[in-house]
Amino acid sequence: MSLRNMVHCALSLVLTFAGLAGLYLQLNAEFVGFTQILVYVGAVSILIVFAILLTRSTEPKDEPATVTPWVGISVAVGAFLTMALAVLASPVGKRLAAPAPEVSVKTLGQKLMTDYVLPLEVMALLLTAAMLGAVIIAMKDKEGQR
Amino acid sequence: MTQLSSYLLVSALLFCIGLAGALTRRNAIMVLIGIELMLNAANLNFIAFWRFSENPETMTGLMFALFSIAIAAAEAAVGLALIITIYRHFRTANVDKVEEMKG
Amino acid sequence: MAELFQAIDQFPVILKHWLMSHAAGVLPEWVLPLLSAALSITPILAVFPLLFALTTVVERKGLGRIQNRIGPNRVGIPLTDIRLYGFGQFIADGIKSLIKEDVVPRAADKVVHFLAPIALLIPVLLTYSVLPFGKNMVPLDLPQTGLLFFFAVGASTELSVFMAGWSSRNKYSLLGAMRAIAQMVSYEIPLILSSLTVVMMAGTLSLTGIVENQATVHFGFLHDWHLFTPWGFVGFCLFLTAAAAEANRTPFDLPEAESEIIAGYFTEYSGFKFAIFFLAEYLGLFAMCGLGITLFLGGWLPPFKFLGFIPSWCWFLGKLVALILLFIWLRGTLPRLRTDQLMGFAWKFLLPMTLINLVVAALWHMSGGAVPVLVRWAVGFVLLAVPYWLLGRGFEVKFTKREYRFAN
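Chains as they are written, first to last, in my numbering: chain H, 1 to 146; chain L, 1 to 103; chain W, 1 to 408.
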């Protein structure tokens with residue numbers, strides 16, 4: 001986050017995503033872990049990198065990369081301390097894992113089509129809307145330049 | 001076997017790094033990266049709590065994480081499209097310099 | 001007799017078990033899983049780079065023949081007159097790239113520049129870990145998420161391509177990387193969607209399970225490969241097209257179009273790092289071919305039941321070599337596309353076709369048993385041929401408008 005070079009930032013972000021996927025695998029969530037890699041490492045990071053390259057050219061070099069760093073950092077550190085204390089104090093944290101549940105993709109899909117069908121439909125709608133929105137945002141600008 | 005609290009600590013750390021980034025960086029893309037980090041921290045919490053819950057067979061946390069990954073992808077696409085449009089308009093991706101509301 | 005064939009078929013597995021059982025008494029407990037993994041990896045690391053090396057020679061010779069040249073035919077065993085038809089070429093090439101100077105541009109981002117080839121090779125090698133090479137021969141059998149693993153790992157190569165192109169601080173590298181990424185992202189969608197039909201029919205993401213699903217026998221001798229269905233045939237064609245684009249093969253080799261942008265994203269790499277890029281690219285192609293074989297061509301299964309005595313891994317390798325030769329042939333035959341044609345082809349032709357194919361596969365699945373096979377074939381054929389014709393027309397109109405003018 002503090003790196004000056006934004007591409008380095010993006011690359012370390014990818015490393016974080018991959019590490020998170022590893023944590024998911026450790027938590028027996030194989031499907032989510034691989035989806036995480038597919039979506040984040042394969043798609044989101046590419047988007048970010050493209051955006052960085054497209055917007056970088058005229059950035060002034062000398063101005064600081066951050067704004068009022070101390071306020072933000074102190075807020076974040078405060079939040080972390082609060083959360084860490086809460087986590088350490090609560091009895092939930094001492095809980096040990098239940099025996100590894102068998103999560104097959106089949107049951108996941110069945111759940112998705114029965115119990116979670118409404119969120120699924122909403123998600124499909126949202127993704128379509130997002131895609132259309134992104135296309136229109138990009139297109140309108142091109143017409144404006146003409 | 002690792003305790004639940006260690007996962008929660010990692011996720012809290014991740015969230016706060018994301019928060020710090022989103023609050024302090026000038027560049028809109030970096031703000032977006034911070035937000036992505038926070039979303040991921042939340043995902044990690046979902047998965048961890050699912051794994052350590054009383055009855056993991058319900059798979060609520062897993063489902064929520066899947067949905068939130070999908071939402072994050074959509075959000076990143078729209079957000080970056082917006083940033084690029086703003087950049088084309090104002091010639092900067094700096095969030096503080098984009099002050100005018102009239103196009 | 002049958003037992004002997006069985007033994008030859010399972011030879012690598014038996015060998016591994018034998019080694020493991022002997023090592024169990026000698027080595028400490030914690031080494032054993034590592035040893036098991038190493039024993040599974042070694043054949044992959046031995047066979048596929050060798051195949052890569054032979055492929056480079058075969059490709060050069062084959063392309064030479066297609067272009068009315070001879071191709072490499074000189075290098076054989078040194079200090080003798082034995083030429084080996086030029087098949088010593090890859091050893092000479094390997095030695096040359098190893099002892100060449102490793103040039104890093106001064107402006108380059110040193111760390112990223114160094115990491116990029118490694119970050120490219122590792123995911124490519126990881127994809128091999130889920131491919132079933134023969135019966136009981138899969139290094140890492142993920143019963144729930146095999147195919148997803150393959151695609152997830154395959155997707156992470158895009159970033160390495162970007163790392164290589166960006167860190168070189170070279171216009172051509174960056175252009176090549178941008179082209180490569182745009183192409184890989186676009187063609188990944190048809191690739192995944194075309195393999196989704198197989199997942200739908202087999203009802204499993206495990207690659208071993210997909211192969212076993214094709215093991216049923218028709219008419220007493222013909223195996224039920226997915227290729228022998230309308231959706232399977234179309235799916236295989238779409239898959240091959242998308243795979244060629246993913247692996248940057250002609251006619252989709254824009255990212256490294258020599259006549260336009262030198263060598264694309266690895267322009268600034270030399271010596272051993274260049275060799276790694278070369279290796280990773282071919283290994284990626286082999287992995288894609290292997291996946292296509294697993295999904296559509298019945299994996300390690302023979303085409304006819306009575307040919308079952310030939311070991312399963314021979315079938316896999318044979319199909320792999322056949323697909324590689326097909327790709328070499330394509331490279332010698334087809335011209336390169338333009339970038340906008342490439343993108344238009346992916347989004348306007350491949351994507352609709354894969355979606356229609358998905359519907360056809362669903363219909364095929366639903367009508368199983370109730371409807372006669374011929375009717376299912378006819379319906380599937382019509383449903384696929386009409387959109388193919390309609391979508392193809394859109395391209396023809398554009399192509400025929402071109403005028404050629406020759407100097408008199």
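By construction, the Cβ of each residue, glycine as well, lies at the ideal position given by its N, Cα and C atoms.
- As the crow flies, the alpha-carbon of L330/W is around 19 Å from that of F278/W.
- Here A152/W really is in contact with I37/H; their C-beta atoms are around 4 Å apart, less than 8 Å.
- The three-state reading of DSSP puts S367/W in coil, since its state is none of H, G, I, E or B.
- Taking the Cα of L20/H as reference, the smallest distance to any Cα among T82/H, C9/H and T35/H is reached at T35/H.
- Residue contact with chain L for Q110/H: absent (no Cβ-Cβ distance below 8 Å to any residue of chain L).
- Taken through DSSP and simplified to helix, strand or coil, Q36/H comes out as helix.
- Just so you know, the alpha carbons of F90/W and F236/W end up roughly 31 Å apart.
- The beta-carbon of I118/W is placed no less than 8 Å from the nearest beta-carbon of chain H.
- Within the region 155 to 183 of chain W, the runs of alpha helix (DSSP H) at least 4 residues long that lie entirely inside it are, in chain order, 157 to 167.
- Straight across, the Cα-Cα distance linking G332/W with G344/W is about 23 Å.
- Per the Cβ contact rule, the region 198 to 213 of chain W is in contact with the region 289 to 301 of chain W (3 or more Cβ pairs under 8 Å).
- Nearest Cα to P190/W within the set P105/W, L240/W and K319/W: L240/W.
- Shown here, T56/W sits in a helix according to DSSP, grouped into three states.
- Around the beta carbon of E30/H, 16 or more other beta carbons lie within 10 angstroms, which makes this residue buried.
- Rounded to whole angstroms, the gap between the alpha carbons of M139/H and A107/W is 35 Å.
- Taking the beta carbon of F67/L as reference, the chain H residues within 7 Å of it are P119 and M123, listed in sequence order.
- Around the CB of L125/H, fewer than 16 other CB atoms lie within 10 Å, so the residue is classed as exposed.
- Around the Cβ of L81/H, a 10 Å sphere holds fewer than 16 other Cβ atoms; the residue is exposed.
- By alpha-carbon distance to L120/W, the top candidate from A155/W, K319/W, Q144/W and F133/W is A155/W.
- When DSSP states are grouped into helix, strand and coil, W30/W belongs to the coil group.
- Annotated as distal: L301/W and W313/W, with beta-carbon spacing of 8 Å or more.
- Close partners of M83/H in chain L (Cβ separation under 7 Å): A12.
- Contact note: S45/H reaches chain W through L159, using a C-beta cutoff of 7 Å and chain order.
- By the criterion of a C-beta distance shorter than 6 Å, L383/W is surrounded in its chain by V360, once the five residues flanking it on both sides are discounted.
- When the five nearest sequence neighbours on each side are left out, the beta carbons in the same chain lying within less than 8 Å of the beta carbon of F272/W are those of S97, L98, K100 and D102, in order along the chain.
- Counting the other Cβ atoms within 10 Å of the Cβ of H226/W gives 16 or more, which makes it buried.
- Annotation: E101/W is outside any alpha helix (DSSP H) and is labelled neither H nor E by DSSP.
- Residue-level contact check: A76/L touches chain H, since one or more beta carbons of chain H fall below 8 Å from its beta carbon.
- The residue among I35/L, T85/L, I17/L and T58/L with its C-alpha nearest the C-alpha of I69/L is I35/L.
- Of the candidates G176/W, L238/W, A362/W and F48/W, the residue whose Cα lies closest to the Cα of F133/W is F48/W.
- In chain order, I46 make up the part of chain H whose C-beta sits under 7 Å from the C-beta of I181/W.
- Looking at the backbone, the Cα of G133/H and that of A28/L are separated by about 19 Å.
- Using beta-carbon distances, L38/H counts as an interface residue toward chain W, with a partner under 8 Å.
- Nearest CB-CB separation between G22/H and chain W: not below the 8 Å threshold.
- Comparing alpha-carbon positions, the option among P335/W, R336/W and F286/W lying closest to G318/W turns out to be F286/W.
- Counting the other Cβ atoms within 10 Å of the Cβ of D109/W gives 16 or more, which makes it buried.
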